[in-house]
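Reading through the structure tokens given below for one structure.
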Amino acid sequence: MLDAAPRGPIAQIDRLRVEFETKDGRVVGVEDVSFDINAGETVCVVGESGSGKSVSSLSLMRLIEYGGGDIAGGRMLFDRKTGEELDLTTADQSLMRTIRGNEIGMIFQEPMTALNPTFTVGKQLTEGLRVHRGLSRKQAEARALELLREVRIPEPERRLQQYPHELSGGMRQRVVIAMAMACKPRLLIADEPTTALDVTIQAEILALMDRLKRETGTAVMFITHDMAVVAQMADRVVVMFRGKKVEEGPVEQIFEAPQHPYTQALLAAVPKLGEMTGKDYPEPMKLFGRTDQKIEPIPGRNEPLLTVKNLTTRFPVRGGFFRRHIANVHAVEDVSFTLNKGQTLSLVGESGCGKSSAGRSLLRLVEPTSGTIDLDGTDVMALSPRGLRDARREMQMIFQDPFASLNPQMQLADQVAEPIHNYRTARGSEVMDRVAGLFDRVELPRSFMRRFPHELSGGQRQRIAIARALALNPKLIVADEAVSALDVSVQAQVLNLMMELQAELELSYVFISHDMAVVERVSHNVGVMYLGRIVEIGPRRAVFEDPQHAYTQALMKAVPIADPRRRKTEKDLNFKPIPSPIHPVDYQAAPSDYAEVSPGHFVLTTDSGY
Amino acid sequence: QRASDGEVRIIYWQAPSIMNPFLSGGTKDIEAASMVIEPLARYDETGTLVPWLVEEIPTVDNGGVSEDMTQITWNITPGITWSDGTPFTSEDVRFTYEYCTDPKGGCAQLTKFETVKSVETPDEHTVVVTFNEPTPNPYGPFVGGESPILQAAQFAECLGAAASTCTEANFNPIGTGPFVVTEFRPNDVISLKANENFRDPNKPAFATATLKGGGDAAAAGTAVMETGEFDYAWNLQLAPDVIARMEEGGQGEAVAGFGPLMERIMLNNTNPDPSLGPDERSVIRPHPFLQEPAVYKAMSMAIDRPLLVEIGYGQAGRVTCSWVPAPEPYAIDVEGCDTQDIEGAKALLDEAGIVDTDGDGVREHEGTPLSIVYQTSTNAVRQDFQALIKDWWEQIGMEVELRNIDSSVFFGGDPGSPDTFQKFYADVEMYANTYNGTDPQVYFGNALCDKAPRPETQWQGENISRFCSEEYDALHEELTQTADLEERYRIGRELNRMVYEQGGMIPLVHRGRLSAKSNTLGGVVLNVWDSELWNVADWYREE
Amino acid sequence: MLTYATRRLILSIPTLLFISFVIFMLLQLAPGDPMAQVPLTVPPEVKQKMREALGLGQPPLVQYWKWLVQILWIEPQVLIDWLTRESWLLGWLPDTNLYDGQLRVISWQTRSPVMDIIIQRIPQTLTVVGIAYIVGILIALPIGIYSAYRQYSVFDQAGTFVTMIGFSVPPFFTGPLLIVIFSVQLGWFPSIYDTTHVVTDWASFKVQLQQMIMPVMVLALQITAQLSRYMRASMLDNLNQDYVRTARAKGLSEIVTVMVHVLRNSMIPVVTVIALGVPAIFGGAIITEQVFKVNGIGQLLITALFANDLPMVMTVTFFFAVLIVLFNLIADILYGVLDPRIRYD
Amino acid sequence: MTEPVVASPATDEVAIEALRDREPSRPPRSQWRDVWDQLRKHKGAMFGAGFLLFITLAVLIGPFIWTADPQQIDIRNKDMRPIYTALWDSGAKVSWAKPLGSDQLGRDQLAQMIAGGRASMAVGWAAMILSLVIGTAIGVIAGYFKRLDGPLMRMTDLFLSLPILPLLLVAVTLFRQPLRAGFGPEGGMFILIVTVIAVTSWMPTARIVRGDILAIKEREFVLAARSIGTTSRRIISRHLLPNVLSPIMVSAALGLATAIITESALSFLGVGFPSDFPTWGKMLADAVTRMEQFPERVLLPGIAISLTVLSVNYLGDGLRDALDPRIRGR
Ligand SMILES: Nc1ncnc2c1ncn2[C@@H]1O[C@H](COP(=O)(O)OP(=O)(O)OP(=O)(O)O)[C@@H](O)[C@H]1O
Ligand SMILES: Nc1ncnc2c1ncn2[C@@H]1O[C@H](COP(=O)(O)OP(=O)(O)OP(=O)(O)O)[C@@H](O)[C@H]1O
Ligand SMILES: [Mg+2]
Ligand SMILES: [Mg+2]
Ligand code: NI
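Protein chains in written order, with my numbering: chain G, 1 to 610; chain P, 1001 to 1543; chain B, 2001 to 2345; chain X, 3001 to 3330.
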């Protein structure tokens, strides 16, 4: 197969221009974009959010019309299976239907929403096969099963009967991939297939796609904004910026000798695992194009601010006829740590390991089951609702999703002012002065004060969230995946902002993330969580340079490195599925015992389930 | 020829709910039942008694009524059978008496039998009714649609408290009438077929009959006169112009007849002031101004009765100022009844010193403004009347607030409700009333002092206006002692006049019954003294 | 799922008891008297006797308790007897004889068991109101789907306009209007519904159609108006979802995409709206029934109300309450069945 | 394969710009200006607002321009036709003194329309607003406080099964006298009717609002608000309520329609306002029997009701779009 595949270009995009009809007139989505995709080759399209990556790919499928777009110019030549060459821009929709899903497959960004929630996986998988291949139901099902095996979903027979919501995110994304591959398309478009996923699952999916490409010789157009993923996957890279292609070249060339300043800036903003090796304290990143940056380590102080002992949080599971409490989700299990003033403690781990629950428990946004939380002398667990409300002045939270964590109906200034009003720390015109000060602090123009969240970019929104958290001058900020949803360049800015604030205001952070590279950059101490427990905790340097626990080691291996010469292969990965954190009510969890391997570096000796 | 004319379709916009008049008393039920069960004698369209299941009407002259007026003897026509073929006997008549007088039965026609001492059956065909006291009008029991004869065999198990468990018998009574029920759907439709054993072998002309219920008067009129879907529609209380328009439909016509039904405005002789307690309101006399002759006379003068008739009833209404407008000899003729005299009314009030002293356009009587609440039941014609009369009264310097109350509340006797017509928590109220048969003696009793509703009587009592005059009471006593018809007429007219002139009520319109019949339906004789369907056996299809 | 349903069912019993109690007390407080229709010529003492014969003299709580026993204990016995004796469903079971003549819920107006009348009325209501509901759904769904698919098109605008008009014109206006046009002027359809009509052959079926057409249209207009709005909104929500794009990317035709993928999801909220409307079917459409003389449950309730027939009103409203609670439950369960993401257990 | 774009010195700025904040293209404006601009673009909403304004003005200042007394009986001039009938029927009984004709008692139809509109609009709006307030409050509380959810939803069931007619009769019996003392016969009845309509119509709103609140409550910004110490009351009023505005708007449009129609049905059954107090619904119901001779008597109030409902619906649609900053932005 591989050898039989022709090596010429399968798709040629030539001076593509796409416009959108909006209320404010016509808006250009992409402008004058040209590139080719060859058979058996992976072309990565990179660029930040809104740069026109999705628009280009949807245009190729001619799906852009359904989203209100309009191909205003250019050509898109596509080699059909039969050998003829077709200009997709002029093909009519009925012809496109025979191409979509058949000769061009597409994988979408959000595995959570890309599948129809009301149909079984089997039905959705077989649909395309029956339309394009004219298979009977039986045949289609047999083929679907085969596909699921190919994408290595465990228990494929059972999956066919299941509904999307019964699968985990990783499995869902694999179903989407199987769907796209179903008819053996000549071209596969993958639009950020791993952005929403965990490192570990991401590693698996990437390996899977790579393998499928190699096995079937499909051409792949891979869209992402994650440079590490690019390094892992790409043969060739197209860099897009504001609807235009700014650079194109083989992957090594792009990484090693970026030509366009935007590419350079992009690469500079990517935190690379291992960059901090040898350094004790975190320091801000060097940003491209900024000359006034002072890059100094942030030592913090060695006085404890927050001491957590044996924190346990369980969610009741109700069931049976009388909705009795029959089991518990052990979300956080016997967690203890100390956080010093002006320092950062990071919690890392896979999805569902209890990071968010731990963070929320600290603020008692969810009620912990037991344990002690001591914040600068205040026993948080013992506070009355009133006292708790007062105590929250000292600790604030930033949430993962900057879209979801701001009220879409309120002006930004009001949202930032809300905590000030709540605690009456300022009155009258003073409030707006403070809000303006906060806007300055997070480097947002004051003209944004009267705007609504949807008018901002993700990074700007997250800065609003930070401003809101800062409004009360807290000592502690719990940042729950605060930068995960952001573009690399923006992420770098926000990270630097957070670190600058820490240096200036002596803030302490509990930094929750699954991105090892980011964690390496910002933390003083790191705790690795697995199934509700901290399996390893210690100074960042110790944990990253000398991981002791088996889980930590596996996690480190899964992280892709933004360097095309250090690609990971499938055999590096060995992940087991996480066991269920649900236990019956009478289950006695063993206490967490730790062994100190070096000063301050502890490893769990209790069985963690890994 | 029996059963030769197919189906007759009758519509009653109030749906019959039971076929046993002793358990309901509602007009619709009585009339529906009259197609199946029959009394010994009934009134014809002129109000004359005609024998029905008996040979002749017993009178003193023919010896059927005893000289002392305490006994009446009915002779049943031999050969009458029930629809199930069994013979109709005097035993059934006596059973009917027992059925209705059972204390636990809740019989609606109890008044008919209250004065009866005993009912005896010397033989199969003779019924002797004995009264407690001399009864000048002994034609109460077993006469008219309200007290038909039930079959003893069928109802034997249904006495007293068991009455309401006899659903089958109540819905499908065995009768002597021209039809038998084939299916009874309560409040919906009754299907009937000709009675095989009916005494006249040639009747009824129709093989089947359908009596549909529901909807409203307008729809019923449309169905008969405009679309021709039905043959007969009962009691169309509609404005004359609406009736006239329906008749243009060309499928049928309206027929009218007059009984003693009279629309009136009752004047409250007690004080309905809301600031009085619930037990004093409409109990304490007198009314602040309504008993002032100048006031009620002026109010009556201000009313244009011919216009009311024209607007509200057309051919089914007549101008009257007589409380008992029929039979004719009891009615009085009041001068000026048929002319409106607003100026005269004003003059009358001015003369009595009831003038507007504070310039708000409302006259005052000894400091109390002539401000009244005028209530009635909800009904389109009554609301038009209210509007008109309010207008006139305001012209003579009164202030009028209108109130209309749902008729199920207004006419329901619930002592807990402030809105019943008996409680009369208003200054004036409008409704219509009538009486059964042709003798108004009991009806005249409705203006006796002790018949006034008050808390002690649970607000029951027929003297709604709380009219009270010793003179009247005495004269009424005299009426009950008098047997001579001419003398009774004279006393009746006197009573009539007293109530009118002493401020008991303001009579408005003598109302007739207006029903509609299809052009192809023959034999209809509208009877207001008894069931409208009294002669349904004679109905036939015209070609 | 099953446990969820049973649990909700059992929990709804106290709710229903409470509802019935509140309704009972409300009716007790309401003014009105079963004797209102008895002519004024019947003197008050007699009316008082009639009232006592109906059991009106007893204290309210005793009356309530009696009614409760009758409706929850005696009536079910009658029902079971009937089921095992005559119904085609369970008629094969040995005849039971649970009912032995205790007092059933007796209507004051007709002196017959309330349940019998209700059962007698259900077919009328179901044929007219039920069919109207089905017709309404059948018209509303396509309109809603198409309006959403072509949002802001002429069809959509016109649809919105017509449905809003349909919603805002009361049936006591449209009903007589139709009668004037089709019965009086054109003479096509009867203005009065014949509840005794039995369909035996083609001709009688035609008659049945003719008499049903007007009430069904009047009712369907209102149902269509509401449902098509819901359908449109729900379709609009779903048309922009990612999975629609996925379906298109698979090369499915527009018909399949919209009518299979989008429709299924959009139906989830609409189906529950439809289910919640079912109690109203049994409740009948009071005004429409009255206008066309379809003497169904609605007419039964209104006549009983005006006649102050307390046991009838009480039983009919209780019957509605049961239906409302039941269909609330059914709507919830349907939601769970249709939407695999929601599972109640 | 195309040549890589060669970096030029000028593109340095491009890169820096890439990392700089992009400002929204339009200058900020006041929120209400924005809402208004958006609303103005919505044709339906503008029609709705225009008609509502017209009707409101007509019923408010109409009586000063057309001073005829709606209750004035003028029996000589009864059954007049509207002036426009003269266009096709020269023999029709018309007069400029009664531009829309008169009814069977000679009451002026134009004056009645104005007075009736006043009553209908007042009842409609008041009942709708009251029912929205009740429905929203119950919905929000049930959705927000888990513990109250069960009881409140059962209460909703209870109200759904309450028959409106006996309820109204009870209310009339119990409260008419005190209300009449306090607010006069018409005012008292107005309060009663509005309350009863509201009390029997808030349930769908409550259900919808509860559902939406349950969903929104799980959104992160609510948690965020809690973490900055916002009290429950403020969370509800500032964060939850604005976000359920659009279903409330829809309920409002439908609610106004149902309120006007319910009022007319009540008048129809004779438990509403005093008989000489016109409302559109009652005019319509009264005229149905004379529909053939005098079609205008049903059509005028009928059209007035329909147009009002229609405009409220369109205005609701437009407002919903305009009030939502996400849609407004586009
Ligand atoms: N339906 C639409 N209507 C109007 N403008 C649109 C539409 N879809 C995309 N755009 C515009 O087109 C531009 C390119 O968007 P596109 O979705 O391709 O970005 P992207 O690179 O895929 O970003 P992301 O990484 O966030 O997915 C953006 O400026 C966006 O505002
Ligand atoms: N409110 C809740 N009720 C019941 N279970 C919960 C609740 N919140 C979280 N859980 C469970 O607790 C466990 C830990 O969840 P948590 O959100 O803390 O994980 P996480 O590490 O933050 O994951 P992610 O990276 O996906 O955010 C999961 O199994 C989750 O299903
Ligand atoms: Mg994209
Ligand atoms: Mg989390
Ligand atoms: Ni091969």
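Where is the CB? At the ideal position from N, CA and C, for every residue including glycine.
Just so it is clear, the structure is predicted and the values come from calculations on it, not from any experiment.
Practice problem: Determine the direct distance from the alpha carbon of P/P1288 to that of B/Y2193, and round the result to whole angstroms. | Solution: For the purposes of this step, residue 2193 of chain B is taken as the residue at position 193 of the third sequence. For the purposes of this step, residue 1288 of chain P is taken as the residue at position 288 of the second sequence. Taking C-alpha positions only, B/Y2193 is separated from P/P1288 by approximately 54 angstroms.
Quiz prompt | Cβ-heavy atom distance, G/S54 to ligand 1, below 6 angstroms | solution = Residue mapping note: residue 54 of chain G aligns to position 54 of the first sequence, counting from 1. Proximity of the beta carbon of G/S54 to ligand 1 is indicated: a heavy atom of the ligand is located closer than 6 angstroms.
Quiz item: Hey, quick one: how far does the beta strand (DSSP E) through G/C44 stretch, first residue to last?
Solution: Locating residue 44 of chain G in the first sequence gives position 44, counting from the first residue. T42 to V46 is the span of the beta strand (DSSP E), which, as asked, contains G/C44.
Quiz item: Residues of chain P with CB under 7 angstroms from B/E2086, in chain order?
Solution: Your numbering for residue 2086 of chain B matches position 86 in the third sequence. For B/E2086, there are no neighbours in chain P by C-beta distance under 7 angstroms, as the nearest C-beta there is about 16 angstroms away.
Self-check item: Per DSSP, the bridge partner or partners of P/Y1012
Solution: Along the second sequence, one-based indexing puts residue 1012 of chain P at 12. According to DSSP, P/Y1012 bridges with P/G1213.
Quiz item: chain G partners of X/H3239, CB-CB under 7 angstroms?
Solution: On the fourth sequence, position 239 is the one that residue 3239 of chain X refers to. Simply N407.
Practice problem: Could you round the C-beta distance between G/V535 and G/V238 to whole angstroms and report it? I think they count as a contact, below 8 angstroms. | Solution: Residue numbering aside, residue 535 of chain G sits at position 535 when the first sequence is read from its first letter. Residue numbering aside, residue 238 of chain G sits at position 238 when the first sequence is read from its first letter. Here G/V535 is actually not in contact with G/V238; their C-beta atoms are around 41 angstroms apart, not less than 8 angstroms.
Exercise. Alpha carbon to alpha carbon, how far is B/Q2241 from G/V33? Give it in angstroms, no decimals.
Key: Position 33 of the first sequence, counting from 1, holds the residue named residue 33 of chain G. Position 241 of the third sequence, counting from 1, holds the residue named residue 2241 of chain B. Using only the alpha carbons, I get a separation of about 27 angstroms.
Quiz item: How about G/D32: is its C-beta nearer than 7 angstroms to some C-beta of chain X?
Solution: Along the first sequence, read from residue 1 onward, the residue named residue 32 of chain G stands at position 32. It does not: the Cβ of G/D32 has no partner Cβ on chain X nearer than 7 angstroms.
Quiz item: Is it true that the CB of G/P282 sits closer than 7 angstroms to the CB of G/V611?
Solution: Coverage of chain G is limited to positions 1 through 610, which leaves residue 611 of chain G absent and any answer about it impossible.
Quiz item: Sorry if obvious, but does the Cβ on G/S49 come closer than 6 angstroms to a heavy atom of ligand 1?
Solution: Translated into positions along the first sequence, residue 49 of chain G becomes position 49. Answer for G/S49: yes, Cβ within range of ligand 1.
Exercise. Over the uninterrupted alpha helix (DSSP H) stretch that includes X/G3135, give me the two end residues.
Key: Numbered from its first residue, the fourth sequence carries residue 3135 of chain X at position 135. Per DSSP, the unbroken alpha helix (DSSP H) holding X/G3135 starts and ends at Q3109 to Y3144.
Exercise. Count the other CB atoms, across all protein chains shown, that sit within 10 Å of the CB of G/D440; report buried if there are 16 or more and exposed otherwise.
Key: The count along the first sequence starts at 1 and reaches residue 440 of chain G at position 440. With fewer than 16 Cβ atoms within 10 Å of its Cβ, G/D440 is classed as exposed.
Self-check item: Length of the line joining the Cα atoms of B/M2217 and B/Q2210
Solution: Taking the first residue of the third sequence as 1, we reach residue 2217 of chain B at position 217. Taking the first residue of the third sequence as 1, we reach residue 2210 of chain B at position 210. So the alpha carbons of these two residues sit roughly 11 angstroms apart.
Quiz prompt | Cα-Cα separation, B/P2039 to P/G1025 | solution = Residue 2039 of chain B sits at position 39 when you count from the first residue of the third sequence. Residue 1025 of chain P sits at position 25 when you count from the first residue of the second sequence. B/P2039 and P/G1025: Cα-Cα distance of roughly 7 angstroms.
Practice problem: Give the straight-line distance between the Cα atoms of B/S2228 and P/F1411, rounded to the nearest whole angstrom. | Solution: Residue numbering aside, residue 2228 of chain B sits at position 228 when the third sequence is read from its first letter. Residue numbering aside, residue 1411 of chain P sits at position 411 when the second sequence is read from its first letter. Distance between the alpha carbons of B/S2228 and P/F1411: 45 angstroms.
Quiz item: Between P/N1075 and P/V1054, is the Cβ-Cβ spacing less than 7 angstroms?
Solution: Translated into the one-based positions of the second sequence, residue 1075 of chain P becomes position 75. Translated into the one-based positions of the second sequence, residue 1054 of chain P becomes position 54. Cβ distance < 7 angstroms, so P/N1075 and P/V1054 count as in contact.
Practice problem: Measuring only between beta-carbons, confirm whether B/R2341 sits less than 7 angstroms from chain G. | Solution: The residue given as residue 2341 of chain B occupies position 341 in the third sequence. Closer than 7 angstroms: yes.
Practice problem: Give a yes or no on whether the minimum CB-CB distance between X/D3109 and chain P is below 7 angstroms. | Solution: On the fourth sequence, residue 3109 of chain X is found 109 positions in, with the first residue counted as 1. Just to set this straight, residue 3109 of chain X is Gln in the shown sequence, not Asp. Output row for X/Q3109: interface = no.
Practice problem: Using the Cα positions of G/R159 and G/I578, report the straight-line distance between them to the nearest angstrom. | Solution: Reading the first sequence from its first residue, position 159 is the one you call residue 159 of chain G. Reading the first sequence from its first residue, position 578 is the one you call residue 578 of chain G. Annotation: G/R159 to G/I578 spans about 18 angstroms, alpha carbon to alpha carbon.
Quiz item: Does ligand 2 have even one heavy atom less than 6 angstroms from the beta-carbon of G/V416?
Solution: For this step, residue 416 of chain G is matched to residue 416 along the first sequence. No - ligand 2 has no heavy atom lying nearer than 6 angstroms to the Cβ of G/V416.
Practice problem: With hydrogens ignored, establish whether the beta-carbon of G/V27 is closer than 6 angstroms to any heavy atom of ligand 1. | Solution: Locating residue 27 of chain G in the first sequence gives position 27, counting from the first residue. Yes, the beta carbon of G/V27 sits closer than 6 angstroms to at least one heavy atom of ligand 1.
Quiz item: In terms of alpha-carbon separation, which member of B/I2342, B/V2325, B/I2324 and B/T2315 lies closest to B/L2027?
Solution: Locating residue 2027 of chain B in the third sequence gives position 27, where the first residue counts as 1. Residue B/T2315 holds the alpha-carbon nearest to the alpha-carbon of B/L2027 among B/I2342, B/V2325, B/I2324 and B/T2315.
Quiz item: Nearest-angstrom Cα distance between G/S94 and G/P193?
Solution: Within the first sequence, residue 94 of chain G is the residue found at index 94, counting from 1. Within the first sequence, residue 193 of chain G is the residue found at index 193, counting from 1. Each residue's alpha carbon lies about 27 angstroms from the other.
Self-check item: Run of the alpha helix (DSSP H) containing B/Y2149, from where it starts to where it stops
Solution: Taking the first residue of the third sequence as position 1, residue 2149 of chain B is located at position 149. Boundaries of the alpha helix (DSSP H) around B/Y2149: I2131 to Y2149.
Quiz item: Is G/V131 close to chain B, meaning its C-beta is less than 7 angstroms from at least one C-beta of that chain?
Solution: Stepping through the first sequence from its first residue, residue 131 of chain G is reached at position 131. At least one chain B Cβ lies under 7 angstroms of G/V131.
Self-check item: Beta bridge counterpart(s) of G/Y594 as assigned by DSSP
Solution: Numbered from 1 along the first sequence, position 594 holds the residue referred to as residue 594 of chain G. Answer by DSSP bridge pairing, in chain order: G/L604.
Exercise. Please decide whether B/T2125 counts as near chain P, where near means a Cβ-Cβ distance under 7 angstroms.
Key: Here the question's residue 2125 of chain B lines up with position 125 in the third sequence. The C-beta of B/T2125 comes no closer than 7 angstroms to any C-beta of chain P.
Self-check item: Contacts around P/V1528, its chain only, beta-carbon distance under 8 angstroms, and the 5 residues preceding and following it disregarded
Solution: In the second sequence, the residue the question calls residue 1528 of chain P occupies position 528. Here the set comprises E1045, G1257, F1258, G1259, L1261, G1512 and R1513.
Self-check item: Boundaries (first-last residue) of the beta strand (DSSP E) holding P/G1512
Solution: On the second sequence, residue 1512 of chain P is found 512 positions in, with the first residue counted as 1. Following the DSSP letters along the chain, one finds P/G1512 inside the beta strand (DSSP E) bounded by residues M1505 to S1518.
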